[in-house]
Amino acid sequence: MSRERAAQRPALLRPAPQRFALRGQPYWLLSGAVMLLAATGILAIAPLLARFEWWWASAAMIGVVGCASAVLRGWRVPPAVVPVLASACMLVVLTLTFGAGTGLLFLLPTPDTFAVFGSLLAEGQLSIQTQAVPAEATPGIVFLLAIGGGILVLLMDALAVAVRLPALAGIPVAVLLMVPTVVLRQPEQLWVLVFAAAAYLLLLRVDVRTRRFEEQARAALEGGSRGGPRVVAATKQPGLGPLGGAVGVGAFGIVAALFLTAATPLVSLGAQLGVGPPSSSLFGGAVNPLIDLGQDLRRPTSVPALSYSSDGNRPVYLKMLTLDSFAGESWVAGHSAFNQSNTVDAFPAPPGLGDQVSTLRVRTSVQIANVRSEWLPVPYPATSIEGLRGQWYWDSSALTVATTHSSIAGQNYVVNALELAPTQEDLAASGGAYPAEIASYVELPGDTPELIRETALAVTAEAGTPYLKAAAIQKFLRGRDFSYSEQSPVESGFDGGGLRAIEQFLIKRSGYCIHFASAMGVMARSLDIPSRISLGYAPGQRSRERLDGEARYDVQSSDLHAWPELYFENVGWVPFEPTPGRGSVPSYSLPSAAVTAPLAPTPGSTGAAAPGRDLRALDEQQQAGSLAQAADARALLSRTLLLSAGLVLLLSLPLLSRTGLRAARRHRARTGGGVQPLWQDLADTLTDCGHPVSDTETPRARAAQLAGVLGSAERADPAAWRPALDRLLAEVERESYARPGAPEPSGADAAHRARAELHDAALLDSAIRSATPFGRRVRARLLPASLFGRLRGAWGAGAEGAPSNTR
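Here's what the structure looks like:
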């Protein structure tokens, strides 16, 4: 090959194949479009969180990681290393912003930093498990969202820029757009869909323009390699073209999203018209309503739910849903489909109510503030409701009120109801003869734990009537051995109202209203006393203001409550209050004759709680236990993170060593070290990809081997790699066989030649890896054979006392 041909260099550097990003190019426009789409996509989860402060943390992390990736590409960092170094940048930013000053120079993480991160992760996970929607963005949740934003942009950047498949970068955003539909059972907000679609279209458009620029650069290089530049006229291809295809894909996505947005409510409505309760965000039919209630109770900040006034003799419980079927896993509402003739203009008489029971007609005015549900809060038993907007129906079995088309949001209404005042004599006279329709309310699964029945029998050993047994169970659960805690069941893993949860509750003796109500309901059923669970709101706090001339009560979201109702002959359904410190204990549930509950299998359950019992001491005990468990969890998580980080670093040593060696060779070539380091690096790439080379072969033989590897690959375009191989081979032969003292280029010519050689070597390296199967390509990155071969050669040479001759 003549020196004239070897000296021919194009004025522009040849770009890499279109499938992959061009080395040394930051792709700022494409990276910016990716960051915009990622920042827009995370807005999809806005309905799940209160306010928008969390978005700035995620958006800032997206900007940092996206810009870091672009800068690293501009510095010609190997594509496989860009995500690793960008992740390191994300770790530095997390240390600075969330590390609480534990980092070295506030930037580099230390073991204490990872301990803080472990604490934030535990807090975020607990908040996600316990909060209701919309949740408060606690520091733990913001930390998780910041990490999620960084991971999201890393994935999208790899798809859109590194492998140049920007259409696939919309998949993670599409998944985010589906989250509100899955979690809230409601469609995504229209403005989020529009912004996301616009950002996706912009990404496709920027990619089209970038590809056009690369095609023009390739055409110019092809002209230069033939001795001079040439102009390639653009030919109009049939069809829509790249831009038209991008617009078409985006338009189809927008239309599909809008169609799904319009269709989703119809699907939800269709489900509501069938058998079972309507779905809603509060006590919805698609989730466990007891777990739903627990999540609402564990909100970090309580918000006003509603207010009411009543002309009755006592504050009222506002029932929303009745759970009357118990299958073992949980309590469920087992009512039939709504009958549109059951309007709220008039209700039937409550089941089982005898004429001897004293009743008082009361009016309760309710104003809804921040409640969104399709179940209406009403006192039991209602006789009629006035002032409601929309279509509402009462359920024939529980007399609860719900809708299939409306919502309670913003409603003001008046409930006419009966205030039941059964006496202790009325309840004591009740026997065990129940009507046929009540028989199902004593059913229990066959695998009910013996501990539940044994506890019920021990507690009621001295009670002779169903009423006295019910009162004894209530007294037992309100005893000093039980404490109220909303966090303990979650931390101990027995949240809910199923049999296993009740069994653990009776052992741990710490829980909240769900556990107390469920335990009393199941214990009553084990004694053949019909029971069911009511969900709704406790009476709340009396306000200084008045509503409709009556005392006003303000009810907060923390007043969500569950309580049991037991059925007594000639009295009907009667509410009890077994939860200590919540609601008010009905006077009829406290027999005038002393009822002493014997010791349960777990000793020490004597004495009823005083009505004004102070729970601060119990809360401090629970908090101390929770802090100890949290500290152990953080320590375990920190150790796990450190061990994982060490393992990842150990496994990454071959990759990092090979990357450092390649960078050192390219630095030598860039600073006047000639083309030999680049030629040797290509030989190592062949070895890594499963094509061993010989140290004794000539440059031309090695070039022939490389050409054979690339020539047998379907994805390798000879027009792209052949000229680069010829030019690089000419330089290798010139350096290897030139006469001593031959003139060498210097100054600008030397710098231009070094840049061209670096580019040709990078193009061939990319072509070799593209021609390698994916599995072998991954192994070449993680376990480079050339590196281990070099180590074996060095070891063997050291053992023989001679230097290694490996190149």
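Just so you know, the sequence shown maps onto residues 832 to 1638 in the working numbering. By construction, the Cβ of each residue, glycine as well, lies at the ideal position given by its N, Cα and C atoms. As the structure is a prediction and not an experimental result, all values here were calculated from the model.
Beta carbon of residue i nearer than 9 Å to that of residue j
{"i": "Leu1207", "j": "Gly1143", "result": "no"}
{"i": "Pro1280", "j": "Leu1330", "result": "yes"}
{"i": "Gly980", "j": "Ile873", "result": "yes"}
{"i": "Leu1219", "j": "Leu1033", "result": "no"}
{"i": "Ala1289", "j": "Ala1355", "result": "no"}
{"i": "Arg1586", "j": "Gly1521", "result": "no"}
{"i": "Ala1555", "j": "His1590", "result": "yes"}
{"i": "Ser889", "j": "Asp988", "result": "no"}
{"i": "Pro940", "j": "Gly932", "result": "no"}
{"i": "Ile1239", "j": "Ser1204", "result": "yes"}
{"i": "Ile1269", "j": "Ala1287", "result": "no"}
{"i": "Pro1417", "j": "Pro1406", "result": "yes"}
{"i": "Pro1276", "j": "Ser1349", "result": "no"}
Beta-bridge partners of residue i, as assigned by DSSP
{"i": "His1392", "result": "Gly1367"}
{"i": "Lys1150", "result": "Val1209, Gly1367"}
{"i": "Ala1382", "result": "Arg1377"}
{"i": "Tyr1398", "result": "Trp1404"}
{"i": "Glu1217", "result": "Val1245"}
{"i": "Ile1199", "result": "Leu1137"}
{"i": "Leu1193", "result": "In the sequence as presented, Leu is not what sits at residue 1193; that position holds Val. Bridge partners of Val1193: Ala1248."}
{"i": "Gln1387", "result": "Pro1135"}
{"i": "Thr969", "result": "DSSP, once it has assigned bridges, lists no residue as partnering Thr969."}
{"i": "Val1163", "result": "Ser1156"}
{"i": "Ser1641", "result": "In this structure the chain extends from 832 to 1638, so residue 1641 is not present and cannot be described."}
{"i": "Ala1233", "result": "Trp1206, Tyr1224"}
{"i": "Gln1372", "result": "Asp1385"}
DSSP-derived helix/strand/coil call for residue i
{"i": "Ala1287", "result": "helix"}
{"i": "Gly1342", "result": "strand"}
{"i": "Ala1292", "result": "coil"}
{"i": "Gly1310", "result": "strand"}
{"i": "Ala1260", "result": "coil"}
{"i": "Leu861", "result": "helix"}
{"i": "Pro1157", "result": "Per the sequence shown, the amino acid found at residue 1157 is Phe instead of Pro. Reduced to three states, the DSSP call for Phe1157 is strand."}
{"i": "Thr1516", "result": "helix"}
{"i": "Gln1187", "result": "coil"}
{"i": "Trp1022", "result": "helix"}
{"i": "Thr1174", "result": "strand"}
{"i": "Ser1525", "result": "coil"}
{"i": "Tyr1265", "result": "coil"}
{"i": "Ser1362", "result": "strand"}
{"i": "Leu868", "result": "helix"}
{"i": "Leu880", "result": "strand"}
{"i": "Leu1541", "result": "helix"}
{"i": "Leu939", "result": "strand"}
{"i": "Arg1531", "result": "helix"}
{"i": "Ile982", "result": "helix"}
Own chain residues within Cβ distance below 6 Å of residue i, not counting five before or after
{"i": "Arg1340", "result": "Asp1312, Phe1313"}
{"i": "Leu990", "result": "Leu996, Leu999, Ala1000"}
{"i": "Ser1189", "result": "Ala1252"}
{"i": "Asp1557", "result": "none"}
{"i": "Asp1512", "result": "Arg1493, Arg1496"}
{"i": "Tyr1211", "result": "Lys1150"}
8 Å contact criterion, which residue i and residue j should meet: CB distance rounded
{"i": "Ile1283", "j": "Ile1338", "result": "11 Å between Cβ atoms; not a contact."}
{"i": "Asn1170", "j": "Tyr1224", "result": "7 Å"}
{"i": "Asp1390", "j": "Ala1136", "result": "7 Å"}
{"i": "Leu860", "j": "Val984", "result": "Not really, about 15 Å apart at Cβ, beyond 8 Å."}
{"i": "Gly971", "j": "Gly955", "result": "3 Å"}
{"i": "Val1319", "j": "Gly1342", "result": "Looking at the sequence itself, residue 1319 is Ser, so the reference to Val does not match. Sure, about 6 Å apart at Cβ, within 8 Å."}
Short CB-CB distance (under 9 Å) between residue i and chain B
{"i": "Ser1161", "result": "The question asks about chain B, but that chain is absent: this structure has only one protein chain."}
Proximity test, residue i beta-carbon vs the ligand HEM heavy atom, cut-off 8 Å
{"i": "Ser1488", "result": "Absence of the ligand HEM is noted for the structure shown, with no ligands found whatsoever."}
Chain-order list of residues whose beta-carbon lies under 8 Å from that of residue i (same chain, five-residue window excluded)
{"i": "Phe1026", "result": "Thr871, Leu874"}
{"i": "Ala1455", "result": "Bear in mind that a pLDDT of 46 at Ala1455, under 50, signals an unreliable position, so the model cannot answer this."}
{"i": "Val1232", "result": "Val1175, Trp1206, Leu1207, Val1209, Ala1213, Ile1216, Trp1223, Tyr1224, Trp1225, Asp1226"}
{"i": "Ser1261", "result": "Thr1296, Pro1297, Tyr1298, Phe1399, Glu1400, Asn1401, Val1402"}
{"i": "Val908", "result": "Leu916"}
7 Å CB neighbourhood of residue i in its chain, flanking five on each side removed
{"i": "Leu1486", "result": "Arg1612, Leu1613"}
{"i": "Val1193", "result": "Ser1141, Asp1142, Gly1143, Ala1248, Glu1250"}
{"i": "Gly1403", "result": "Pro1181, Pro1182, Gly1183, Leu1184"}
{"i": "Met866", "result": "Ile893, Gly894, Gly897, Val984"}
{"i": "Leu1007", "result": "Gly872, Ile873, Ala875, Ile876"}
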